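A.B. asks:
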Amino acid sequence: MSILSTRKAEKIDSLAEGGTSLAMDALRRTFRSPVAILGLVIVGLFVILAIISPFIAPKDPYRPYPELKAELTPSNIPGPMPGFLLGSDQNGYDFFSRLLVGAQQTLFVGVFATLIGVAIGMIIGGLAGAFGGWVDSVLMRLTDIMLSVPSLLLAISIAALLPGSQWTVIIAVAMIGVPVFARLLRGAMIAQRSSDHVLAATALGVKRKTIVFRHMLPNSIGPVIVQATLTLATAIIDAAALSFLGLGDSDWRRAEWGLMLGNAQELLSVKPSLAFFPAIAIIVVALGFTLLGESMRESLDPKNRR
Amino acid sequence: MLRFTVRRLLQAVPTLFVLSILVFAWLRLLPGGPATALLGDKATPERVAAMNAVMGLDDPIVVQYFRFLGRILTGDFGNSLITGDPVMEEVSWAFPATLELSVAAMFLAVLFGIPMGYIAARFRGRFLDNATVVTTLVGVAVPVFFLGFLLKYVFTQEMSLLPPSGRQDVLIDSTRVTGIATLDGLLTGEFDATWDAMLHLILPAVALASIPFAVIVRITRASVLDVQGEDFVRTADSKGLTTQVVRKRHVLRNALLPVSTTIGLQTGLLMSGAVLTEKVFAWGGLGTLLEQAIQQRDYPRLQGLILLFAVVFVLVNLLVDISYAIIDPRVRVR
Chain A
30 MSILSTRKAE
40 KIDSLAEGGT
50 SLAMDALRRT
60 FRSPVAILGL
70 VIVGLFVILA
80 IISPFIAPKD
90 PYRPYPELKA
100 ELTPSNIPGP
110 MPGFLLGSDQ
120 NGYDFFSRLL
130 VGAQQTLFVG
140 VFATLIGVAI
150 GMIIGGLAGA
160 FGGWVDSVLM
170 RLTDIMLSVP
180 SLLLAISIAA
190 LLPGSQWTVI
200 IAVAMIGVPV
210 FARLLRGAMI
220 AQRSSDHVLA
230 ATALGVKRKT
240 IVFRHMLPNS
250 IGPVIVQATL
260 TLATAIIDAA
270 ALSFLGLGDS
280 DWRRAEWGLM
290 LGNAQELLSV
300 KPSLAFFPAI
310 AIIVVALGFT
320 LLGESMRESL
330 DPKNRR
Chain B
274 MLRFTVRRLL
284 QAVPTLFVLS
294 ILVFAWLRLL
304 PGGPATALLG
314 DKATPERVAA
324 MNAVMGLDDP
334 IVVQYFRFLG
344 RILTGDFGNS
354 LITGDPVMEE
364 VSWAFPATLE
374 LSVAAMFLAV
384 LFGIPMGYIA
394 ARFRGRFLDN
404 ATVVTTLVGV
414 AVPVFFLGFL
424 LKYVFTQEMS
434 LLPPSGRQDV
444 LIDSTRVTGI
454 ATLDGLLTGE
464 FDATWDAMLH
474 LILPAVALAS
484 IPFAVIVRIT
494 RASVLDVQGE
504 DFVRTADSKG
514 LTTQVVRKRH
524 VLRNALLPVS
534 TTIGLQTGLL
544 MSGAVLTEKV
554 FAWGGLGTLL
564 EQAIQQRDYP
574 RLQGLILLFA
584 VVFVLVNLLV
594 DISYAIIDPR
604 VRVR
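Chains as they are written, first to last, in the working numbering: chain A, 30 to 335; chain B, 274 to 607.
1) Alpha helix (DSSP H) containing Trp281/A: first to last residue?
2) For a test of the three-state rule: what should DSSP assign to Gly47/A, helix, strand or coil?
3) Among residues of its own chain, excluding the 5 on either side of Asn248/A, which ones have a beta-carbon nearer than 6 Å to its beta-carbon?
4) Once DSSP output is grouped into helix, strand and coil, what is the label at Thr288/B?
5) Under 8 Å Cβ-Cβ, which residues of chain B neighbour Pro252/A?
6) My parser needs the alpha helix (DSSP H) runs of 4 or more residues fully inside the stretch 144-170 of chain A; what are they?
7) Closer than 7 Å, CB to CB, is Val255/A near chain B or not?
8) Is the stretch 265-281 of chain A touching the stretch 81-91 of chain A, taking contact as three or more C-beta pairs under 8 Å?
9) Between Phe486/B and Gly421/B, which are expected to be in contact by the criterion C-beta below 8 Å, what is the C-beta distance as a whole number of angstroms?
10) Give the DSSP-derived three-state secondary structure of Met30/A in the structure shown.
11) What number of angstroms, rounded off, separates the C-alpha of Tyr457/B from the C-alpha of Val376/B?
12) Could you tell me the distance, in whole angstroms, from the CA atom of Arg301/B to the CA atom of Leu295/B?
13) In the DSSP assignment, what residue or residues form a beta bridge with Val110/A?
14) Please report the distance separating the alpha-carbon of Ala45/A from that of Asp165/A.
15) So who's on the other strand from Thr102/A, going by DSSP bridges?
16) Can you confirm whether the stretch 463-480 of chain B touches the stretch 587-594 of chain B when touching is taken to mean that 3 or more C-beta pairs between the two stretches lie within less than 8 Å?
17) Rounded to whole angstroms, what's the CA-CA distance from Leu549/B to Glu431/B? Just pull it up for me.
18) From this set, Leu424/B, Asp358/B and Ala470/B, which residue's C-alpha is nearest Val479/B's C-alpha?
19) Quick one: is Phe210/A buried, meaning 16 or more other Cβ sit within 10 Å of its Cβ, or exposed?
20) Using a Cβ-Cβ distance under 7 Å, would Gly537/B count as near chain A?
21) Check the Cβ of Ile567/B against every Cβ in chain A and list those closer than 9 Å, keeping chain order.
22) Give the secondary structure of Leu320/A by DSSP, where H, G and I count as helix, E and B as strand, and everything else as coil.
23) Determine the direct distance from the alpha carbon of Ala284/A to that of Gly291/A, and round the result to whole angstroms.
24) Just the Cα atoms here: how many angstroms apart are Val291/B and Phe297/B?
25) Mapping DSSP to helix, strand and coil, what is Pro359/B?
26) Considering only DSSP beta bridges, list what Asn352/B is partnered with.
27) Using alpha carbons as the reference points, say which of Ala304/A, Glu323/A, Leu329/A and Thr319/A lies closest to Tyr426/B.
28) To the nearest angstrom, how far is it from the Cα of Ile309/A to the Cα of Ser511/B?
29) Going by beta carbon distance, what residues of the same chain come within less than 8 Å of Val178/A, once the five residues before and after it are set aside?
30) In whole angstroms, what separates the C-alpha of Val321/B from that of Thr309/B?
31) Can you find a C-beta in chain B that's less than 7 Å from the C-beta of Asp165/A?
32) Please tell me whether Leu182/A has its Cβ less than 7 Å away from any Cβ of chain B.
33) Taking the C-alpha atoms as reference points, what is the distance between Leu439/B and Gly398/B?
34) At least one CB of chain B closer than 7 Å to the CB of Arg335/A: is that the case?
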């Protein structure tokens, strides 16, 4: 590529960056809506809690306490008592501390399940969108097949093959997202391919690699980010569903909300709060990510650009 | 129309074919191979070798695959490890229960979802609209099985209004005709059985309906808003048609097109949700079979169920596509 064309390409790039880009505009509009702010506040608090919870938890979440164990029988799980805000869980551990620390483990599962799904999905979708032709056809058939299995069953069929560990849950849940992200990115990139700025770059003789990475990908990433935010919510719920079905983490000691909820299902008549608190935590966090994702989606929609 | 139908049918064939390869490969991906998995605790090297010989696992993989394909095409999915019965028999026995639950849930979701979505769109930006949108967002955030717990806790444990689990009271002596409990009672004239089955159906159906309901409300709302801005609605308005007619014939009818597709796509979610709901309410349908299969690592049953769910899902989407083409002629050309 000649120096001239590089300069021109750079000029075009800088032109594209000038003014208000759709992304910046969308971001600005997103945070004008109270719904988005509520979502952001919930997500923000959740992330902060996830980071600081091991330091603020009043008791050790991974150790049974004799005071709690003393009163623990199959038909009685101690409720709140001095020093133990929410009393005991079914194993004589401090329930309140486990709930706090649960934020961290839950965020871990949600984030990694989403990231792995995004990464694999983007590789598939990116290849399909960049190459087109038979690569596109083959890869999209593959995603069709993944989509032809109901999402939870896809996760079940993967989790049933692997030993029950936290990473099994993460991988199984991640696979649900793969075809979604692949199709989204591919669709956005194909729309980009016939757009004016890609046409201009092609006419200037910009290398295909540069076009894909500097023109098509950055402009296609918006819907993927929105979907990832929404997927974080469903990933946390799906991980809980796997635990509920007995396909979750086999380490019952781990304080993760989905696992705590799944393990509390037999104890509803003994101490319902063991199920209710983790469930409410999951619902609030899922709602936070959903509110944020939905309002981002709405403001990315050019129809709403004013 | 016929050409479109045939083309869509043909498109489903490769999907199902590759799916069968994946499901076949799936059992072979198990640690120790299928024989070890099938034998479970009883696996010894001699037994595994004997099992391999019996099952033809020593043959070339391609031969094995086509044998597998031949078997599943004739409806033979092998025998369940838990009961020893043919998987196909178990599935056809449990299927009506899941069908009853799913149809009831979808019925509730459509019955309440479409009007709510329409009303929300009509009052866009007002309190009613915002309340509806928030309700649907919460509806999606609540895990289905937790909603089931909650309903069970409130309506059976606290208020003792409805039966906690199962499909029919054990004391009710009903005749099985179709396996759909609410229908059987009507067919045989045992109305007390139908009434009892309905009472059992309410909570699981409400729990399962939550997500499709939320999705239908939101799609209906978005779709009505979309159609309201169309030129033909303005034209209809300006040529003096009454608001009633415009709303019914022009807005609602066109707005329901995307809704009908969504209903098809919801089938997958419905099946996922049914697995969880059935566990909460000990429903005894396909979800219960699946859950037992997971607990006991019953791989033949698991394989049969996964394949069955996928086939049903593909077929339902095929039907939706075809019905969509009937409603909207523009689709046929694509």
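Just so it is clear, CB atoms sit at the ideal spot from N, CA and C, and this is done for glycine as well. Because the structure is a prediction, the values reported are computed rather than measured.
C.D. replies: Let's see:
1) It is not in any alpha helix (DSSP H) - Trp281/A carries neither H nor E in the DSSP assignment.
2) Confidence at Gly47/A is low in this model, with a pLDDT of 46, below 50, so the placement of that residue is unreliable and no value is reported for it.
3) Gln221
4) helix
5) Going along chain B, no residue has its Cβ under 8 Å from Pro252/A, so there is no contact; the nearest lies around 16 Å.
6) none
7) no
8) no
9) With a Cβ gap of about 15 Å, Phe486/B and Gly421/B do not count as contacting.
10) With a pLDDT of 43 at Met30/A, under the threshold of 50, the predicted position of this residue should be treated as unreliable, though the coordinate-derived value follows. Three-state DSSP puts Met30/A in coil, outside helix and strand.
11) With the sequence shown as reference, residue 457/B is identified as Asp, and Tyr is not the correct amino acid for it. Rounded to the nearest angstrom, the two C-alpha atoms are 15 Å apart.
12) 10 Å
13) The sequence shown places Met at residue 110/A, not Val. Per DSSP, Phe113/A.
14) Note on Ala45/A: pLDDT 49, under 50, position unreliable in the model; no value is reported.
15) Asn105/A
16) no
17) 22 Å
18) Leu424/B
19) buried
20) no
21) Ile185, Ala188, Ala189, Leu274, Gly275 and Leu276
22) helix
23) 12 Å
24) 10 Å
25) strand
26) Pro359/B
27) Ala304/A
28) 50 Å
29) Ser186
30) 6 Å
31) no
32) yes
33) What sits at residue 439/B in the sequence shown is Gly, not Leu. Approximately 43 Å, taken between the alpha carbons.
34) In this prediction, Arg335/A scores a pLDDT of 44, lower than 50, which makes its location untrustworthy; no coordinate-derived value is stated.
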